[in-house]
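A short worksheet on the structure shown next.
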Amino acid sequence: MVDVARRADVSLKTVSRVVNDEPVGQELVSRVLAAIAELGFRRNDIARNLRSRQLNATVGLLIEEIANPFYATIASVAAEIAAAHGTMLITASSEEDPERERALLQDFTQRRVDGLLVVPAGLDHSFLRREVELGMPVVFLDRPPQGLQADAVLLDNRGGSQAGVAALLDEGHRRVGLLLGAPSVPTMRDRLAGARAALAAAGVEPDQALLRERLIAPEEAGRAVAALLDLPDPPTAFFCANNRLTVGALQELHRRGSAAALVGFDDFELAHLMPRPLTVVGYDTRELARVATERLFNRIAGDDAPPTTTVLPTRLLQRGLSAS
1 MVDVARRADV
11 SLKTVSRVVN
21 DEPVGQELVS
31 RVLAAIAELG
41 FRRNDIARNL
51 RSRQLNATVG
61 LLIEEIANPF
71 YATIASVAAE
81 IAAAHGTMLI
91 TASSEEDPER
101 ERALLQDFTQ
111 RRVDGLLVVP
121 AGLDHSFLRR
131 EVELGMPVVF
141 LDRPPQGLQA
151 DAVLLDNRGG
161 SQAGVAALLD
171 EGHRRVGLLL
181 GAPSVPTMRD
191 RLAGARAALA
201 AAGVEPDQAL
211 LRERLIAPEE
221 AGRAVAALLD
231 LPDPPTAFFC
241 ANNRLTVGAL
251 QELHRRGSAA
261 ALVGFDDFEL
271 AHLMPRPLTV
281 VGYDTRELAR
291 VATERLFNRI
301 AGDDAPPTTT
311 VLPTRLLQRG
321 LSAS
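If you read the sequence shown in full-length UniProt numbering, its first letter stands for residue 1, the second for the next number, and so on.
The following block contains the structure:
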């Protein structure tokens, strides 16, 4: 603005009035606009809002992977609600990398977004504590924060897994293969705890040989299923801790022509068209995103109550073409 004022031979106050659409004589407006065009001036709304203590009308959303329909739905709902509040949503993916997560969240805070929605990848979010203390609203969803007191909106991971494995046990299965992701992730720990609780309630001793962890891609789940089916005493059923693992397990079971029963946490697109029956632990992804995003905007609006954790219910759903 100083450069524009110098080029137009006007005061800095005159430039400020022009760019903020305040009353100014037409001759001065023309000179300022000409200088703006010559210099390629763009108003820096971030700096302007910092100085005026106004909101930026932007919020940041950090998810794990935009290609996953679960996270795509979260981003879609959050964008809808943000737009209803006259706010732009900026979305980034951590790719399940804690260092990338930290860098992206720090970038969001440096851009002075009005608030953050975070699906966490790392195990330490204490680096956000200073921002939270200075008034930055942060809401975590799907997974709880670590090392930080903040709002969280979660699923009933333990209860859903327990119900899913219990359904297999009720069908008479006693050897259940368990396919999970990284044990360091809180959701995976809760889902494993739920599966083990179901086994204990049925009087079934857990068999460590039937557990496969640190699986990420569907191909890894497929290889794990193949290895388990090749055991001398293979499992007759499988529990998969997320939708990607379920897809990989389905592919291998189909390739083998195996009739092993299958329960997977997370519903997924086209599950109802699978050529075999399966059960999924379902929930309302849109509700998860809605509750978290509305919580964030309540905080932005001035709600300063202590942080809360909301746990949303799950339910068992029958999928596959032969499902009733």
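The C-beta atom is built at its ideal place from N, Cα and C for all residues, glycine as well.
Distance from V165 to A198 at the Cβ level is roughly 4 Å; contact confirmed, criterion being Cβ atoms closer than 8 Å. At the C-beta level, A150 and V139 come within 8 Å of one another.
Residue pairing by DSSP puts D151 in a beta bridge opposite V139. For the pair A227 and A57, the Cα-to-Cα distance works out to about 52 Å. Taking the Cα of L169 as reference, the smallest distance to any Cα among A301, V10, A260, L123 is reached at A260. Beta-bridge partners assigned by DSSP to I90: G60. The Cβ atoms of F265 and A241 lie closer than 8 Å to each other. The three-state secondary structure of Q106, taken from DSSP, is helix. Taking 8 Å as the cut-off, the Cβ atoms of D124 and P313 do not count as close. Going by C-alpha positions, D284 is about 52 Å away from V4. For the pair R31 and A8, the Cα-to-Cα distance works out to about 5 Å. Here the alpha carbons of K13 and I66 stand approximately 45 Å from one another.
The Cβ atoms of V176 and L210 lie closer than 8 Å to each other.
Contact between L117 and T293 holds: their C-beta atoms lie close to 6 Å from each other, under 8 Å. Assignment of L178 by DSSP, reduced to helix, strand and coil, places it in the strand class. For Q26, the uninterrupted alpha helix (DSSP H) run begins and ends at 26 to 39, by DSSP. In the three-state reduction of the DSSP assignment, G115 falls in the coil class, being assigned neither a helical nor a strand state. A Cβ-Cβ separation of about 6 Å places T73 in contact with R286 under the 8 Å criterion.
Secondary structure of T308 (DSSP, three-state): coil.
Secondary structure of F297 (DSSP, three-state): helix. The region 294 to 304 and the region 212 to 226 do not touch, with fewer than three beta-carbon pairs separated by less than 8 Å.
In this chain, the alpha helix (DSSP H) harbouring R6 covers 2 to 8. As for any beta strand (DSSP E) of minimum length 3 sitting wholly inside the region 217 to 247, the runs are 237 to 240, ordered along the chain. Between the beta-carbon of S16 and that of L62 there is about 35 Å, and that puts the pair past the 8 Å contact cut. Beyond the five residues adjoining it in sequence on each side, R100 comes within less than 8 Å, by CB distance, of S94, A121 in the same chain, given in chain order. If you look at R315, you'll find it in the beta strand (DSSP E) that goes 315 to 319. Bridge pairing for R212: L179 [DSSP]. In this structure, the CA atom of G172 is about 14 Å from the CA atom of V263.
Rounded to the nearest whole angstrom, the C-alpha separation of V281 and N243 is 10 Å. Rounded to the nearest angstrom, the Cβ distance from G181 to R214 is 7 Å, consistent with a contact under 8 Å. Judged by DSSP in its simplified three-state form, A261 adopts strand.
With a threshold of 16 other beta carbon atoms within 10 Å, P235 meets it and is buried. Relative to G147, the option among R130, G135, G160 whose CA is nearest is R130. Apart from the 5 residues on each side of it in sequence, F108 sits with its Cβ closer than 8 Å to the Cβ of G60, L62, I90, A92, L116 in its chain, given in chain order.
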